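Single-structure report; data block below.
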Amino acid sequence: MAQVGIREYDAKVMRYRFCDTPYQWFLYEWEDDDTQEKLKKLAYKLRSTGIQRRVVKPDQLFGKRWKHGLLGIWLTVDECIAWIHTKNGSIQTIDARQWILHTFLVEPHIAHEEELYISFETQRTSDRLYFSTQWWVEIESVWDSVVNIDIPLTHQIIEEWLIEKLTKNLPDITVSLLTPFIGLLVQFVRTHWITYLEVNPLVMNNDVLHCLDMVAKVDTTEFWKQTKHWSDLTFVKPFGNVSHFLEDIIDELDRKSYASVQFRIMNPDGRIGLLLGWWGASVVVMDKLAEMGLIDEVINYGDLSWNPSYGDNKAYIEWVIKLMLWNNHQKQYLCYMWWIANFTKIDVLCRAYIDALTPYIDQLRSKNIHCVIRRGWPGDTVWLSQVQAFLTKNEIPHLIADGDEYLTTVLENIAFK
Amino acid sequence: MFTSSSSCIVYGTHLGIVQNMLDYDFLAWRSPSVKAVFSPQWWWKSYKVFYGAQEMMIPSIGSWNEIAQFDTVDTLINLASYRTCTAINYEAIESWFFKAIFTIAEWVPERETRELLTYTNKTQIQMFGPSVVGALIAWVYRISHTWWSLENIIKSRLYTSWSIGLVSKSWWMMWELMRVCAMQTDGIHTAFQVWGDRYPMTTFQDIIQYFQDTDWVKMIVLLWEVWNTDELVIAEMVASWKITKPIVAWCIWQSAETMKTDVQFGHAWATANHDEEKATYKNAFMKSKWVHVPESYDLLGAVINTVFESLEIWTPIARSVEIDQDIQNKLNVIATRRPTRFTSSISDERGEELLYNWKSISYHIADASIARVIGHLWLKRELPDYWVQFINTIMILLADHGPAVSGATNTIITARAGKDLVSSVVSWLLTIWSKFGGAIDGAASHFFEAVLEWVQAQDFVDTMKKKKILIPGIGHKVKSKFNPDVRCQIIDQIASTFPTEATKHYQFARSVESITLAKKANLILNVDGCIAALLLDLLEDMKFSTKEIKQYIDIWLFNAFFIASRTIGFLWHALDQKRLNEGLYRTSWDDIWYRE
Numbered sequence: 071m072a073q074v075g076i077r078e079y080d081a082k083v084m085r086y087r088f089c090d091t092p093y094q095w096f097l098y099e100w101e102d103d104d105t106q107e108k109l110k111k112l113a114y115k116l117r118s119t120g121i122q123r124r125v126v127k128p129d130q131l132f133g134k135r136w137k138h139g140l141l142g143i144w145l146t147v148d149e150c151i152a153w154i155h156t157k158n159g160s161i162q163t164i165d166a167r168q169w170i171l172h173t174f175l176v177e178p179h180i181a182h183e184e185e186l187y188i189s190f191e192t193q194r195t196s197d198r199l200y201f202s203t204q205w206w207v208e209i210e211s212v213w214d215s216v217v218n219i220d221i222p223l224t225h226q227i228i229e230e231w232l233i234e235k236l237t238k239n240l241p242d243i244t245v246s247l248l249t250p251f252i253g254l255l256v257q258f259v260r261t262h263w264i265t266y267l268e269v270n271p272l273v274m275n276n277d278v279l280h281c282l283d284m285v286a287k288v289d290t291t292e293f294w295k296q297t298k299h300w301s302d303l304t305f306v307k308p309f310g311n312v313s314h315f316l317e318d319i320i321d322e323l324d325r326k327s328y329a330s331v332q333f334r335i336m337n338p339d340g341r342i343g344l345l346l347g348w349w350g351a352s353v354v355v356m357d358k359l360a361e362m363g364l365i366d367e368v369i370n371y372g373d374l375s376w377n378p379s380y381g382d383n384k385a386y387i388e389w390v391i392k393l394m395l396w397n398n399h400q401k402q403y404l405c406y407m408w409w410i411a412n413f414t415k416i417d418v419l420c421r422a423y424i425d426a427l428t429p430y431i432d433q434l435r436s437k438n439i440h441c442v443i444r445r446g447w448p449g450d451t452v453w454l455s456q457v458q459a460f461l462t463k464n465e466i467p468h469l470i471a472d473g474d475e476y477l478t479t480v481l482e483n484i485a486f487k
Numbered sequence: 138m139f140t141s142s143s144s145c146i147v148y149g150t151h152l153g154i155v156q157n158m159l160d161y162d163f164l165a166w167r168s169p170s171v172k173a174v175f176s177p178q179w180w181w182k183s184y185k186v187f188y189g190a191q192e193m194m195i196p197s198i199g200s201w202n203e204i205a206q207f208d209t210v211d212t213l214i215n216l217a218s219y220r221t222c223t224a225i226n227y228e229a230i231e232s233w234f235f236k237a238i239f240t241i242a243e244w245v246p247e248r249e250t251r252e253l254l255t256y257t258n259k260t261q262i263q264m265f266g267p268s269v270v271g272a273l274i275a276w277v278y279r280i281s282h283t284w285w286s287l288e289n290i291i292k293s294r295l296y297t298s299w300s301i302g303l304v305s306k307s308w309w310m311m312w313e314l315m316r317v318c319a320m321q322t323d324g325i326h327t328a329f330q331v332w333g334d335r336y337p338m339t340t341f342q343d344i345i346q347y348f349q350d351t352d353w354v355k356m357i358v359l360l361w362e363v364w365n366t367d368e369l370v371i372a373e374m375v376a377s378w379k380i381t382k383p384i385v386a387w388c389i390w391q392s393a394e395t396m397k398t399d400v401q402f403g404h405a406w407a408t409a410n411h412d413e414e415k416a417t418y419k420n421a422f423m424k425s426k427w428v429h430v431p432e433s434y435d436l437l438g439a440v441i442n443t444v445f446e447s448l449e450i451w452t453p454i455a456r457s458v459e460i461d462q463d464i465q466n467k468l469n470v471i472a473t474r475r476p477t478r479f480t481s482s483i484s485d486e487r488g489e490e491l492l493y494n495w496k497s498i499s500y501h502i503a504d505a506s507i508a509r510v511i512g513h514l515w516l517k518r519e520l521p522d523y524w525v526q527f528i529n530t531i532m533i534l535l536a537d538h539g540p541a542v543s544g545a546t547n548t549i550i551t552a553r554a555g556k557d558l559v560s561s562v563v564s565w566l567l568t569i570w571s572k573f574g575g576a577i578d579g580a581a582s583h584f585f586e587a588v589l590e591w592v593q594a595q596d597f598v599d600t601m602k603k604k605k606i607l608i609p610g611i612g613h614k615v616k617s618k619f620n621p622d623v624r625c626q627i628i629d630q631i632a633s634t635f636p637t638e639a640t641k642h643y644q645f646a647r648s649v650e651s652i653t654l655a656k657k658a659n660l661i662l663n664v665d666g667c668i669a670a671l672l673l674d675l676l677e678d679m680k681f682s683t684k685e686i687k688q689y690i691d692i693w694l695f696n697a698f699f700i701a702s703r704t705i706g707f708l709w710h711a712l713d714q715k716r717l718n719e720g721l722y723r724t725s726w727d728d729i730w731y732r733e
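Each protein sequence line maps, in turn, to chains A and B.
All the letters of the first sequence, read from the start, carry residue numbers 71 to 487 under our numbering.
All the letters of the second sequence, read from the start, carry residue numbers 138 to 733 under our numbering.
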């Protein structure tokens, strides 16, 4: 259950379909086996619209493209294609995150002089409309001047009501254009269950309002209800968030399993491999490691909970071990950290843990990998003593704590010197 | 809001959860907190569960107004899925029975929750959820859709009430903190896990205010996460003396601010959009407003202990996790109990004297009435004399109807074929269906529904005609208006001695007869119809509920009278044939039409 961002292209297509207005946006998505053919087809489509000048920009869930030099404006069709060709596949650094550009939005250029800012955000019992007439500024820097209007959930937009609210802040002519536009926008947001929508800037050209830029988020819990409106919606990962092949493997495991199996690579060259339980407890572990100055040593984050099967357990643990064995470090820590649990099957976990480690015992020993375990459980004594006996017999250094010990105390023994 | 006599309805047949709650009730020395499960599909069922070692039945209900029978119900545990739970909540609110509703489902659309919030703002009902993974109110409820191990409950001494009000954003950390509180203080009074959704119906501030208003809670512990600014509101409440009880708090996820990667941690929505939502900011802010905030999670236990000790609360038992003997005995009871394979509610042969409906044979013999015994065994009621007389009468009237009826003929043929007595009787039993012997139930079903829904007799007849259904209980092959059935006249005489208002089904049946007789003389209210109508009146007079009467119709109680009575006659038809040494029967060719 989350509010997730959607592409600008998808948001605009949904809005213009809702308003029954033809749209002239094109999305170019690069694939590995791409050829010039795809760019030629795009050029053909662009020429066939008759629109002379265009804007092109990456559409990969990040903003401030103008600031990062990633906005091409007033371009002919050939210039558009050349712009995409240059940027396509290039590595960009945005807010300390790096990734490859691969998706571009091409849209008509709209000449304008003034700009407005409009956004919607869901609140507890209302939708909040923000707007500002300040332009050519970063909106965050003038946020105090932004006007907000709370539209109660039960309130259908009535033009007179909106006019009264807007008139205090805007000249009449703008109000007369804005009112129906906002009314329609609110309907769009509510029928399509957009939880956040930002249009920055909103511009006027020949007395018609245009959304030059659009950022939108939707509530993923609505997915099963929005089959009509979201049928063409594509959910993409945020910029800088392309998955490692291992993450894809374990995502597949998660899809097939009734349990929760999550896995994200943080630093493959780290020295701490993690086997974690869910949510709050995993965050407490991460906080502790950050406090100890070891956050950059963490190889992976994720969770393995809700009573995973023997097979899921074993596969997950093996992959974490492999990650640790692939790097060149001597002395690493494999940490199995869990809260006081209730219903996961002890014997399944115990067998899976021991069976996962068994084929790699010699390598674990040669790389001086320590096993750290903290599990609180019904019957944890039996499980922990079995694991301890296994690790002792195979001369694997280990630290073991049960549920009566504080969750993070055992981590204090991690030391790399 | 909740007391030790509070009780709840569980929506959905989640018997595992019901059993968990009852086990907690047993450990916590309180009466069973679950009164019924709400299941529109299985409304007629009852379910066997344990309270300690004792088996008990939990009924199922199918409509909200049935809750009126349970005096103490004030809570609904809504276990419906995310697709339907909101609709259920609206119905529950409009039923006006509940003070609190817990919605367990996750993945409820935010929109639905927000709309429900707007609606419930006008009511007094306290809504918890969605995504209530668990809540514990000492001596009242243990609510969870996941199994809470008894070992954890014991180790954290959750079976009784102590001084700490605990609220945690993380369900799993709540278990850790309950253990920490058990070791550092006297233990938990109430623990809520406040929910992963962006807009929980009961806010964090509401929970803290509840703790402030609950006398038993002396100290509050809270564990929160990044995103939103609830903690800042709480801190301001402390600073302005709205909250006077000490709060120990910690906001997790400080590490997110030091990370380079954009891995999403914790709850799916949990990201900080502004500085005020970051963990470090919130911890610092709370500390500045006299909330007790440790330097790190590791020190949380020590701070809890220091604050608790400063309150100088007297605790009756030593603060340890050793289990006392009483609790150990209860655990042993729970661990060793075994469900029974059969259930019987009508007789008991184990004691010195055989019991029928918990009354001894001597008692029944003194009365010398088989009809009254039927009342005890079948209806589990002591019937008044006028109903005893009626049952006696119908047992006599239905005992036999000559050899020509289908069942008797089958019995006779089977007996003459040389079969034993049991086989001969079984052959007539197998003849019973809607056309023979089964009409009493059919008549009862239609008459009951019609009277329940205030259908007029004419409308009833018209509807049955449109549906092309012959009205069970109406019509006879031989008897008619001009050749009345004496059996019906006898029953009518009995019915006339009852007050009219006590025989509404019989009056209805007679009204139907007056309409059908106008069409054809043999469309009389036959003996099956008479008996069905009066038996319905008997059940209502004996205060059986609508649900129970429907169940009795479904399980053929009404036909049971026919079967019990007619067996008397048919037994003798079989014996009569054997006594008369009748030979094998073969139908004459004259009685058969051979056709293509």
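Beta carbons are placed, not taken as given, at the ideal position from N, Cα and C, and that holds for glycine.
Since the model is a prediction, treat every value here as computed from it, not as a measurement.
- Relative to the Cα of Lys-115/A, the nearest Cα in the group Asp-129/A, Leu-461/A, Trp-95/A and Gly-133/A belongs to Trp-95/A.
- Under the Cβ distance rule, Thr-192/A counts among the residues neighbouring chain B, one pair being separated by less than 8 Å.
- If you look at Gln-644/B, you'll find it in the alpha helix (DSSP H) that goes 641 to 654.
- The three-state reading of DSSP puts Trp-515/B in helix, counting H, G and I together.
- In this structure, the CA atom of Ile-151/A is about 16 Å from the CA atom of Glu-101/A.
- For the C-beta of Gly-133/A, not a single chain B residue is nearer than 8 Å; the gap to the nearest is close to 13 Å.
- Only exposed fits Gln-400/A, as fewer than 16 other CB atoms lie within 10 angstroms of its CB.
- When rounded, the separation of the alpha-carbon atoms in Asp-450/A and Gly-473/A is 8 Å.
- The C-alpha of His-155/A lies about 12 Å from the C-alpha of Glu-107/A.
- Within 7 Å of the CB of Asp-357/A, the CB atoms of chain B belong to Ile-389, Trp-390, Gln-391, Ser-392 and Tyr-434, in sequence order along the chain.
- With respect to the 8 Å criterion, Gly-539/B and Asn-696/B are not classified as neighbours on the basis of their beta carbons.
- In the same chain as Ala-351/A, and ignoring 5 residues on each side of it, the C-beta atoms closer than 8 Å to its own belong to Met-407, Trp-408, Trp-409 and Leu-477, in chain order.
- In terms of Cβ geometry, Asp-339/A and Lys-384/A do not form a close pair [threshold 8 Å].
- Across the set Ile-391/A, Pro-178/A, Leu-303/A and Leu-469/A, the C-alpha of Ile-391/A shows the shortest separation from the C-alpha of Asp-432/A.
- By the Cβ neighbour-count rule, His-326/B is buried, with 16 or more other Cβ atoms within 10 Å of its own.
- Nearest neighbour of Gln-402/A by Cα position, chosen from Pro-378/A, Lys-437/A and Pro-222/A, turns out to be Lys-437/A.
- If you draw a straight line from the Cα of Ile-550/B to the Cα of Leu-721/B, it comes to about 7 Å.
- Annotation for Leu-607/B: no beta strand (DSSP E) segment contains it, and DSSP assigns it neither H nor E.
- Beta-bridge annotation (DSSP): Tyr-493/B is paired with Ser-484/B and Lys-496/B.
- Bounds of any beta strand (DSSP E) do not take in Cys-89/A, whose DSSP letter is neither H nor E.
- In terms of Cβ geometry, Leu-654/B and Lys-616/B do not form a close pair [threshold 8 Å].
- When C-beta atoms of the region 318 to 329 of chain A are compared with those of the region 369 to 382 of chain A, three or more pairs fall below 8 Å, so the two segments count as touching.
- Put simply, the CB of Ser-307/B is near chain A, with a gap under 8 Å to one of its CB atoms.
- Within 10 angstroms of the beta-carbon of Gln-330/B lie 16 or more other beta-carbons, which makes it buried.
- With contacts defined by Cβ atoms closer than 8 Å, Gly-324/B and Ile-301/B form a contacting pair.
- Rounded to whole angstroms, the gap between the alpha carbons of Ile-700/B and Lys-572/B is 14 Å.
- Using a Cβ-Cβ cut-off of 7 Å, Leu-254/B is close to Arg-194 and Thr-195 of chain A, given in chain order.
- Contact check for Tyr-148/B against Phe-175/B passes: the beta carbons are separated by less than 8 Å.
- For Ala-181/A, there is no enclosing beta strand (DSSP E), as DSSP marks it with neither H nor E.
- Taking the Cα positions, Thr-223/B is about 11 Å away from Met-264/B.
- A Cβ-Cβ distance of about 6 Å is found for the pair Leu-360/B and Lys-306/B, placing them in contact under the 8 Å criterion.
- For Asp-373/A, the enclosing beta strand (DSSP E) starts and ends at 370 to 375.
- According to DSSP, Pro-128/A shares a beta bridge with Phe-174/A.
- Within chain A, the residues placing a beta-carbon under 9 Å from that of Met-310/B are Trp-349, Gly-350, Ala-351, Val-353, Val-354, Trp-409 and Leu-477, ordered along the chain.
- Rounded to the nearest angstrom, the Cβ distance from Ile-531/B to Gly-512/B is 13 Å, too far for a contact under 8 Å.
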